[in-house]
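Listed in order, the protein sequences are those of chains A and B. Numbered by the numbering used here, the letters in the first sequence go through residues 699 to 1008 in order. Numbered by the numbering used here, the letters in the second sequence go through residues 4 to 362 in order. Contents: one structure, followed by commentary.
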Amino acid sequence: MSLDISFIGILIGSIMASSVPLILAASGELITERSGVLNLGVEGMMIIGAISGFALMVITDNLFIAIVGSMLSGVIISLIFGFLTQSLLTNHVATGLALTIFGIGLSAMLGKNFVGIPGKEFPILFSSLRESIPFFGPILFGHSIVLYFAFALPFLTNYFLKKTKLGLVVRAVGDSPVSASNQGINVILVRYCCILYGGAMCGLAGAYLSLIYTPQWIENMTAGRGWIALALVVFATWSPIKVLIGALIFGGITILQLHMQAIGFRIPVQFLSALPYLMTIIVLVVISRDSRKIKLNTPTSLGRIFYKEK
Amino acid sequence: MIKIEKRNDVPMALYFFTPFIAIILTILGGGIIFYILGFNPIEALKFYFITPISNLYGFSELLLKATPLCLIAIGLSFCFKSNNWNIGAEGQLTFGAIVGGGVALLFYNQEGFYILPLVIIAGAIGGMIFALIPAILKTYFNTNEILVSLMLVYVSKLLLDYLVVGPWSNPEGFNFPETRQFSDSSRMPLLFEGLRIHAGIFLALAAVMLSWFILYKTYLGFQIKVSGLSLKTAKYAGFKGKTMILVVFMISGACAGLAGVGEITGPIGQLHRMISPDYGFTAIIVAFLGRLNPFGIIFASLVVALTYLGAETAQIFLQIPKYTGQVFQGMILFFLLASDYLLFFKVKILNLKKNELRH
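Set out below in structure tokens:
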């Protein structure tokens, strides 16, 4: 294996691909958290998206239906979380955990007959340009449409939160639900929408894994990526652009550890794998000890139950 | 017309009754899911909840699985009661097993009555130290304990993976990711010949008794409960919040560490990658289902242990993946949390005319 320029291009391309599910899930969760809701069910929603996407692809043989269906299934499963936390005022942490545990179990149950079925090739865009341009080819071209969407999403999310009126509403609901409610905003409705949007993005993230990244269904195939996505939102201090950077770092570590193993690098793989988690803790400590920094970005009412006396 | 009113206080009878409603709804929900998947729901539920405990061996397996769940949940009840969200018990269990297992490996070729107690104490201390990390970060750096304790789960699992693949792997083990077998002196004594149930169950029962005593008979227990109900009141009363956070995390970590040590010195007998089928996470459900009450937790740990066993039986007889146990575990918590609504709100059916008169 030579470390020439074209190899580095391919390496960067594969890092981008491995960061896609993290970007999608974390961007979705970011909107949910910005509205003041902490949904720990990311892993569960992703795995449900993965199995429904794959199952729909096998049944209908139509990738478009599979992708849309995976997002819909994410919406449906997040509706359970929404109903419990918003309408029945249950604790966010416990409900989210239940969602993850439930999702992993349900996906294995649904996926029973789909183990071992080969996936279908997902169409990639600009494949000819990928080969013809050295270095930049594998970075910019030859990816699935979902990857391009994922890399645009943080910028769209940033624009939505900062420049649109709806984005302002979401932030208001997350920072001060009581004042938002007094302004006539339906806090519960906004939070429902943000939860369902988060569910859709997590479903898509799961489908990316089972349809594009490793096109097959394996039990528990999200393998903790949902938890990394959750960590990523905090790591990024709730800023969409930093989610993109963080996802590339986390994805990079995943890819690098594979290559380091291959070239016989001396640091044990497990230490590299633990780095993202340790880095998240360090970032948490750094932003949390400074109350100004945490106030600047953290949705003030994150995880708190909002109840309006009627 | 239906009117929903906030209750002024929670009726205690209902508080301990709703977990039963949740269990019944879960069984019904499970039946519906089995029906949708094309199984005979009655038969499937029978394989799930009755077949596993229809003989002595099955009953011993039930107690074997309930032991770690009960221990961890008892520890978690201290954290949850005082509003500390330690959800990293799985990590504390793993780290406890690493430290305890390390001690057991030191004595791998020795016998002696003192070895098992040393291993157990080491495991408890390991869990305690690991739980102190989120606790210290929370008290001194204001860091969110949910995320830190969760991240540490993965760190501890990767550490275990590194140890069993690398430095601690069995030199005669043909590169399998596992350590040497512990010596007999590091193993929990079995209670009955031919059954896997071991002395670890007494640790769990001792934890239940001790936690009941601490929570209901000591000043610390009083502090914990007051802080859980209202942080402001606790501060006003002059309770030292920081010390209490450290203490509840230490108790919780020690219990999880004990559970880890109980597994490796009990049924497993060595360290390898799969020392716990997510007991640390499932114990969170146990703690809630048991209403954070020591005796409730005994009952809840048996119910949840049955979902583990049932999943294994269903895998054999119905060829469905054993992950289905998690469907039931998730549903129990969903229904339990949902039924809590009845505790805090009264649903009233009003006479419309009367209601109009009032306005």
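A virtual CB, placed ideally from N, CA and C, is assigned to each residue, including glycine. The structure displayed is predicted, hence computed values, not measured ones.
Asked, Found
"Min CB distance P324(B) to chain A below 9 angstroms", "yes"
"9 angstroms Cβ cutoff met for P816(A) and Q881(A)", "no"
"V330(B) and G33(B) closer than 9 angstroms at C-beta", "yes"
"Candidates S189(B), F320(B), C258(B) and L274(B), of which the one nearest P170(B) by Cα", "L274(B)"
"8 angstroms CB neighbourhood of K220(B) in its chain, flanking five on each side removed", "none"
"Contact list for the segment 289 to 304 of chain B against chain A, Cβ threshold 9 angstroms", "F291"
"9 angstroms Cβ cutoff, Q95(B) in contact with chain A", "no"
"Cβ contact check for the segment 787 to 794 of chain A and the segment 995 to 1004 of chain A: 3 or more pairs under 8 angstroms", "yes"
"Assigned exposure category for I910(A) - 16 Cβ within 10 Å defines buried", "buried"
"Within 7 angstroms of chain B by C-beta, residues of the segment 970 to 986 of chain A in sequence order", "S971, A972, Y975, L976, T978, I979, L982, V983 and S986"
"F284(B): contacting residues in chain A (beta-carbon distance under 9 angstroms)", "L795, T798 and I799"
"Contact between the segment 304 to 314 of chain B and the segment 134 to 151 of chain B (3+ Cβ pairs under 8 angstroms)", "no"
"Pair within 9 angstroms by beta-carbon distance, M807(A) and G901(A)", "no"
"Spatial distance of I287(B) from E741(A) (CA atoms)", "17 angstroms"
"is_contact[G244(B), chain A] using C-beta, thresh 9 angstroms", "no"
"Where the alpha helix (DSSP H) through S85(B) begins and ends", "Unbroken run through S85(B): none, as it is neither H nor E."
"Distance cut-off 8 angstroms: D187(B) Cβ against heavy atoms of the ligand FAD", "With respect to the ligand FAD, the structure offers nothing, as it holds no ligand at all."
"R276(B) burial status per 10 Å Cβ neighbour count (16 or more: buried)", "exposed"
"Cβ of W215(B) within 9 angstroms of any chain A Cβ", "no"
"Beta-carbon proximity check, G726(A) vs G944(A), cutoff 9 angstroms", "no"
"Residues from the segment 832 to 858 of chain A in contact with chain B, defined by Cβ distance under 9 angstroms", "none"
"Neighbour flag for T788(A) against chain B, beta carbons, 9 angstroms", "yes"
"Between the CA atoms of S805(A) and A796(A) - distance to the nearest angstrom", "14 angstroms"
"Where the segment 117 to 149 of chain B meets chain A: residues whose CB sits under 7 angstroms from a CB there", "L140, F144, N145, T146, N147 and I149"
"Closest residue to I778(A) among I763(A), A715(A) and G794(A) (Cα-Cα distance)", "G794(A)"
"Cα-Cα separation, L232(B) to K84(B)", "8 angstroms"
"Segment limits, alpha helix (DSSP H) that includes V981(A)", "V967 to R987"
"Distance between A127(B) and L261(B) (C-alpha atoms, nearest Å)", "5 angstroms"
"Partners in chain B for E917(A), counting only beta-carbon separations shorter than 9 angstroms", "P324 and Y326"
"Residues of its chain near T998(A), where Cβ-Cβ distance is below 6 angstroms and the 5 sequence neighbours each way are ignored", "D873"
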